[in-house]
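The structure appears right after this line, and notes come after that.
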Amino acid sequence: MRRLLISLLTVALMSTACQSAPVVLAGQTATPAAASGSRTVAAAPTFSGSVRTLSADLRSRMRGVSWHKGCPVPLRDLRLVTVSRYRWNGEPGRGWLVVHADVATDVVRAFRHLYAKEFPIRSLRLIDRYGGDDAKSMEANNSSAFNCRTVSGTSTWSQHSYGRAIDINPVQNPYVRGSVVQPDRGRRYLDRDDVRRGMIVQPGPVRWAFVKLIDWRWGGNWSSSKDYQHFSANGR
4 MRRLLISLLT
14 VALMSTACQS
24 APVVLAGQTA
34 TPAAASGSRT
44 VAAAPTFSGS
54 VRTLSADLRS
64 RMRGVSWHKG
74 CPVPLRDLRL
84 VTVSRYRWNG
94 EPGRGWLVVH
104 ADVATDVVRA
114 FRHLYAKEFP
124 IRSLRLIDRY
134 GGDDAKSMEA
144 NNSSAFNCRT
154 VSGTSTWSQH
164 SYGRAIDINP
174 VQNPYVRGSV
184 VQPDRGRRYL
194 DRDDVRRGMI
204 VQPGPVRWAF
214 VKLIDWRWGG
224 NWSSSKDYQH
234 FSANGR
């Protein structure tokens, strides 16, 4: 009889232990069981980044919009980069960029650092969503990379045409040349000492990610103008 009672007790304890064990999913960390009545806070998902060749559908959508005949880089040399990011509300999400194949891995590294520092990015969509119109993309506070276009007011290809430049949070980090401010909503952020959400400052996580980590250059250091949103591989 005593042996039967001991066996029943052992089975009951094993059943309770199995029910209490946390389930660990890929990319997550197990959270200890909370006490009755307490609140459990889920761990943020780990960073995810990928580099893929452009699909036939994406190439079709880009033709005549962000890419056209005569562009300095063929579509076969471009890559679609998907990265984790923090949204404006502090929640994790995803974003997409098209960049040159030879900088794609570095771009993922830079965004990995921004995610680790929980730097918010208002929008991260391909510029084709805005008809390839840089002004519309900036007004929407969209961060973007590849766009086959010339530098405003010139016949010189922008570094975005090569897929080796990225603009981040344009409203909080406007282009400034004299009285010209682009986008116009960026005028509220001309005082760079008044640091607010989404602004790029030095020292700071965005500048560190692109300048220190992957050896790009920042338009905020230009002399004749300031392009606070702009990072490029060659400094142009």
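Here our numbering = 1-based position in the sequence shown + 3.
Even for Gly, the Cβ is constructed at its ideal location relative to N, Cα and C.
Computed from a predicted model, the values in this text were never measured in an experiment.
Return the residue from the list 198, 76, 70 that minimises the CA-CA distance to residue 165.
-> Counted from its first residue, the sequence shown places residue 165 at position 162. Minimum Cα distance to residue 165 is reached at 76.
What are the boundary residues of the alpha helix (DSSP H) that residue 64 is part of?
-> Along the sequence shown, read from residue 1 onward, the residue named residue 64 stands at position 61. 59–65 is the extent of the alpha helix (DSSP H) around residue 64.
Separation of residue 155 from residue 27, as counted between CA atoms = Here residue 27 refers to the residue found at position 24 of the sequence shown. Here residue 155 refers to the residue found at position 152 of the sequence shown. Note that residue 27 scores 30 on pLDDT, short of 50, meaning its location in the model is unreliable and no value can be drawn from it.
In this structure, does DSSP put residue 77 in helix, strand or coil?
-> By 1-based counting over the sequence shown, the position of residue 77 is 74. In this structure, DSSP gives residue 77 a state outside helix and strand, which the three-state scheme calls coil.
Counting only the same chain and skipping the five closest in sequence on each side, list residues whose C-beta sits under 6 Å from that of residue 191.
-> Here residue 191 is taken as the residue at index 188 of the sequence shown, counted from 1. Once the five neighbours on either side are set aside, residue 191 has no close Cβ partner at all.
In whole angstroms, what separates the C-alpha of residue 144 from that of residue 130?
-> One-based indexing of the sequence shown puts residue 144 at position 141. One-based indexing of the sequence shown puts residue 130 at position 127. Taking the straight line from one Cα to the other gives about 11 Å.
Contact between the region 106–116 and the region 83–91: three or more CB pairs below 8 Å?
-> yes
C-beta atoms of residue 233 and residue 167 nearer than 8 Å | Numbered from its first residue, the sequence shown carries residue 233 at position 230. Numbered from its first residue, the sequence shown carries residue 167 at position 164. No, they are not a contact pair.
Nearest to residue 173 by alpha carbon, out of 141, 50, 237?
-> One-based indexing of the sequence shown puts residue 173 at position 170. Taking residue 173 as reference, the option from 141, 50, 237 with the minimal CA-CA separation is 141.
Nearest-angstrom beta carbon gap, residue 222 and residue 229 [assumed within contact, 8 Å] | What you label residue 229 is simply residue 226 of the sequence shown in a count that begins at 1. What you label residue 222 is simply residue 219 of the sequence shown in a count that begins at 1. So it is a contact: roughly 7 Å between Cβ atoms.
Flag this pair as yes or no: are the beta carbons of residue 128 and residue 91 separated by less than 8 Å?
-> Counted from its first residue, the sequence shown places residue 128 at position 125. Counted from its first residue, the sequence shown places residue 91 at position 88. Against a cut-off of 8 Å, the Cβ pair of residue 91 and residue 128 comes out as no contact.
Under the three-state reduction of DSSP, which class applies to residue 106: helix, strand or coil?
-> On the sequence shown, position 103 is the one that residue 106 refers to. Residue state, collapsed to three classes: helix.
When you compare each of 57, 207, 188, 114 to residue 196 by their alpha carbons, which one comes out closest?
-> In the sequence shown, the residue the question calls residue 196 occupies position 193. Taking the Cα of residue 196 as reference, the smallest distance to any Cα among 57, 207, 188, 114 is reached at 207.
Same chain, Cβ closer than 6 Å to residue 179, five either side skipped, listed in chain order | Sequence index remark: in the sequence shown, residue 179 carries index 176 (1-based). These residues qualify, in order along the chain: 229.
What is the rounded straight-line gap between the Cα of residue 62 and the Cα of residue 148?
-> Indexing the sequence shown from 1 puts residue 62 at position 59. Indexing the sequence shown from 1 puts residue 148 at position 145. Approximately 16 Å, taken between the alpha carbons.
Taking the alpha-carbon positions, what's the residue 220 to residue 231 distance?
-> To locate residue 220, count along the sequence shown from 1; it is residue 217. To locate residue 231, count along the sequence shown from 1; it is residue 228. Using only the alpha carbons, I get a separation of about 11 Å.
Residue environment, residue 193, which counts as buried when at least 16 other CB atoms sit within 10 Å | Position 190 of the sequence shown, counted from the first residue, corresponds to residue 193. Exposed is the call here.
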